[in-house]
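**Q** Protein chains in written order, with my numbering: chain C, 1 to 198; chain W, 199 to 396.
Just so you know, even glycine gets a beta-carbon here, dropped at the ideal spot from N, CA and C.
Nothing here was measured: the structure is a model prediction, and the numbers come from that model.
First the structure, which I've put down as structure tokens, then a few questions once you've had a look.
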DNA sequence: TGGGCATGCTACCCGGCGGTAGGCTTTCAA
DNA sequence: TTGAAAGCCTACCGCCGGGTAGCATGCCCA
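Structure follows, in structure tokens:
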């Protein structure tokens, strides 16, 4: 009970911080701003986070973990490589769009992270890239894909999806699922795979 | 002569600012840092730029203009739509990689730009998106491309290229031209166009 | 009813940095 | 040789904002 309340308060701070960092930037947002939005005061935040930079890391890292988890889960599914790549991409797309603000903040404010937080996240990203590259290589070996350069293709696909944080509007015409499927199909085309019937 | 010297000094300031903003972030770099790197002092910078924010705009805007120019030039070339898209993408890719630091700074520090500078740049980006979308629509009408959703495909292609600022290493194995060609081919695949022999 | 602990607030500190005022040096024209 | 203007520097201001010390409030348990 005690712990749940604590965790809830922590979550509320994070929520509000995400909103403000997303709208005004990390350096354009003061801790007083966040506190005011929550109807509390600055020292309250310091009972949950050691510093402003700590707060930043706390809102970036889990999102990167979710991204990695999505592609890992997709790539570990049963089915052909084509199907697995499709699901990995669709899943990753959904994470990016669901956590659009967190993703945006991470990419914009990377330079403000502490050395250690940055190192942790870089490790996750490395695993992410390898998972994608490996999937592509596997597809090439299975003769399902046709790409001259797996590393480059993996980066291109990753970029195509990640970039969505810059233009996606939650109130847009497509649902999250639709977006995931569309991106999945575009990715399959890029690697020269046969289309999956949707 | 007078003007050339003035322009040269301005360029030097911009160069150094790009280097430092890229490495440490806009807010992580002080004007004293830039001045020190140039072997001058802070007031010197103020004889060439009205403010730190002004400096930021001066190093972002021309790069966005170059990006737009590249796709406009490609799309206005003689040849089939497929060829024109290919050249537009290759050209854009080369701009992104050549001006990697400026592109990175722009995307990261957008929130620090003045309202007016931001409005100017947004106008350029709108033109950019339209140019790409129009090219895709034209290709569909000419039966050279096969995409269900031109807007989405344009955003996906734009993202795939733009994203390169996050991973490109100038000392990497591929030259600028190679990268442009690779990206051009990937883009053609995404829109279902017949490959261009390289 | 009262003691003590948890919780969050008031009030403050202080360092960093964008921006500026005014002076010194160098250059060039007459 | 001198006047003056251009160019750059020294020295400073003032605010903003991250972070903290110590107090008030209220709740729980005896």
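(1) Can you grab the Cα-Cα spacing for the pair residue 156(C) / residue 129(C), in whole Å?
(2) Hey, quick one: how far does the alpha helix (DSSP H) through residue 326(W) stretch, first residue to last?
(3) Does any residue of chain W bring its CB to less than 9 angstroms from the CB of residue 3(C)?
(4) Check this for me: beta carbons of residue 82(C) and residue 144(C), under 9 angstroms apart or not?
(5) Would residue 103(C) count as contacting chain W if we go by Cβ distances under 9 angstroms?
(6) Within a Cβ cutoff of 8 angstroms, which residues of the same chain sit near residue 99(C), ignoring the five residues on either side of it in sequence?
(7) What does residue 360(W) reach in chain C if we use C-beta pairs closer than 9 angstroms?
(8) Measuring CB atoms only, is the segment 167-178 of chain C touching the segment 378-395 of chain W, in the sense that at least three cross pairs come out at less than 8 angstroms?
(9) I'd like to check one pair, residue 117(C) with residue 53(C): are the Cβ atoms closer than 9 angstroms?
(10) Compute the Euclidean distance between the alpha carbons of residue 68(C) and residue 17(C), then round it to the nearest angstrom.
(11) Since residue 167(C) and residue 360(W) should fall inside the 8 angstroms C-beta cutoff, what is the C-beta to C-beta distance between them, to a whole number of angstroms?
(12) Please identify the residue among 40(C), 22(C), 57(C), 48(C) whose C-alpha is closest to the C-alpha of residue 120(C).
(13) Measuring alpha carbon to alpha carbon, tell me which residue in 351(W), 344(W), 330(W), 229(W) is nearest residue 271(W).
(14) Name the chain C residues whose beta carbon is nearer than 8 angstroms to that of residue 230(W)?
(15) Say whether chain C places a C-beta atom closer than 9 angstroms to the C-beta of residue 343(W).
(16) What is the DSSP secondary structure of residue 44(C), reduced to helix, strand or coil?
(17) I want to verify the contact list: residues of chain W whose CB lies under 7 angstroms from the CB of residue 24(C), in sequence order.
(18) Please list, in chain order, the chain C residues whose beta carbon lies closer than 7 angstroms to that of residue 388(W).
(19) Can you round the beta-carbon distance between residue 203(W) and residue 236(W) to whole angstroms, since I take them to be within the 8 angstroms contact cut?
(20) Give me the residue from 142(C), 71(C), 137(C) with the minimum Cα distance to residue 152(C).
(21) Check this for me: beta carbons of residue 321(W) and residue 223(W), under 9 angstroms apart or not?
(22) Which one of 10(C), 86(C), 33(C) has the shortest CA to CA distance from residue 195(C)?
(23) Which residue from 88(C), 189(C), 102(C), 76(C) puts its Cα closest to that of residue 55(C)?
(24) For a test of the three-state rule: what should DSSP assign to residue 51(C), helix, strand or coil?
(25) Does the distance from the C-beta atom of residue 19(C) to that of residue 31(C) stay below 9 angstroms?
(26) Taking its Cβ as the centre, do 16 or more other Cβ atoms sit within 10 Å of residue 165(C), making it buried, or is it exposed?
(27) Is the beta carbon of residue 45(C) closer than 9 angstroms to that of residue 36(C)?
(28) Please report the straight-line C-alpha distance between residue 33(C) and residue 106(C), rounded to a whole angstrom.
(29) Under 9 angstroms between C-beta atoms, does residue 28(C) make it to chain W?
(30) Using a Cβ-Cβ cut-off of 7 angstroms (strictly less than) and excluding sequence neighbours within five positions of residue 95(C), which residues of its own chain qualify?
(31) I'd like the span of the alpha helix (DSSP H) that includes residue 185(C), first residue to last.
(32) Interface residues of chain W around residue 154(C) at Cβ under 9 angstroms?
(33) For a contact defined as C-beta to C-beta under 7 angstroms, what are the partners of residue 306(W) on chain C?
(34) Measuring straight from C-alpha to C-alpha, what distance separates residue 75(C) and residue 238(W)?
**A** In this structure, then:
(1) Residue 156(C) and residue 129(C) have their alpha carbons spaced roughly 11 angstroms apart.
(2) 313-339 is the span of the alpha helix (DSSP H), which, as asked, contains residue 326(W).
(3) Output row for residue 3(C): interface = no.
(4) The Cβ atoms of residue 82(C) and residue 144(C) lie closer than 9 angstroms to each other.
(5) No, residue 103(C) lies away from the interface with chain W (no Cβ there is under 9 angstroms from its Cβ).
(6) Closer than 8 angstroms at the Cβ level, and outside the excluded window around residue 99(C), lie 63, 66.
(7) What residue 360(W) touches in chain C: 159, 163, 166.
(8) Counting Cβ pairs under 8 angstroms, fewer than three are found: no touch.
(9) Yes, Cβ-Cβ distance for residue 53(C) and residue 117(C) is below 9 angstroms.
(10) In a straight line, the C-alpha of residue 68(C) is about 23 angstroms away from that of residue 17(C).
(11) Taking C-beta atoms under 8 angstroms as the contact rule, residue 167(C) and residue 360(W) fail to qualify, at a distance of about 11 angstroms.
(12) Per the C-alpha coordinates, the member of 40(C), 22(C), 57(C), 48(C) positioned closest to residue 120(C) is 57(C).
(13) The residue with the shortest Cα to Cα distance from residue 271(W) is 330(W).
(14) What residue 230(W) touches in chain C: nothing, since even the nearest Cβ is about 17 angstroms away.
(15) Not closer than 9 angstroms to any Cβ of chain C, the Cβ of residue 343(W) fails to qualify, so no.
(16) DSSP places residue 44(C) in helix when its eight states are reduced to three.
(17) Per Cβ cutoff of 7 angstroms: 309.
(18) Scanning chain C for C-beta atoms nearer than 7 angstroms to the C-beta of residue 388(W) yields 186, 189, 190, reported in chain order.
(19) Going by Cβ atoms, the distance from residue 203(W) to residue 236(W) rounds to 15 angstroms, so no, they are not a contact pair.
(20) Taking each of 142(C), 71(C), 137(C) in turn and checking the Cα distance to residue 152(C), the smallest one comes out for 137(C).
(21) Not a contact, by the Cβ cut-off of 9 angstroms.
(22) For the set 10(C), 86(C), 33(C), the Cα lying nearest the Cα of residue 195(C) is the one of 86(C).
(23) Ranked by Cα distance from residue 55(C), the options 88(C), 189(C), 102(C), 76(C) are led by 102(C).
(24) In the structure shown, residue 51(C) sits in coil (DSSP, three-state: anything other than H, G, I, E or B).
(25) Not in contact: residue 19(C) and residue 31(C) (Cβ atoms no closer than 9 angstroms).
(26) Looking at its Cβ environment, which holds 16 or more other Cβ atoms inside 10 Å, residue 165(C) is buried.
(27) At least 9 angstroms separates the beta-carbon of residue 36(C) from that of residue 45(C).
(28) Taking the straight line from one Cα to the other gives about 20 angstroms.
(29) Chain W, which has a Cβ nearer than 9 angstroms to the Cβ of residue 28(C), makes this yes.
(30) The beta carbon of residue 95(C) is closer than 7 angstroms to those of 66, 67, 70 in its chain, skipping five residues each way along the sequence.
(31) Per DSSP, the unbroken alpha helix (DSSP H) holding residue 185(C) starts and ends at 176-190.
(32) Those do not exist, as residue 154(C) stays about 10 angstroms from chain W at its closest Cβ, beyond 9 angstroms.
(33) Under a criterion of Cβ atoms nearer than 7 angstroms, the residues of chain C adjacent to residue 306(W) are, in order, 108.
(34) Residue 75(C) and residue 238(W) have their C-alpha atoms some 55 angstroms from each other.
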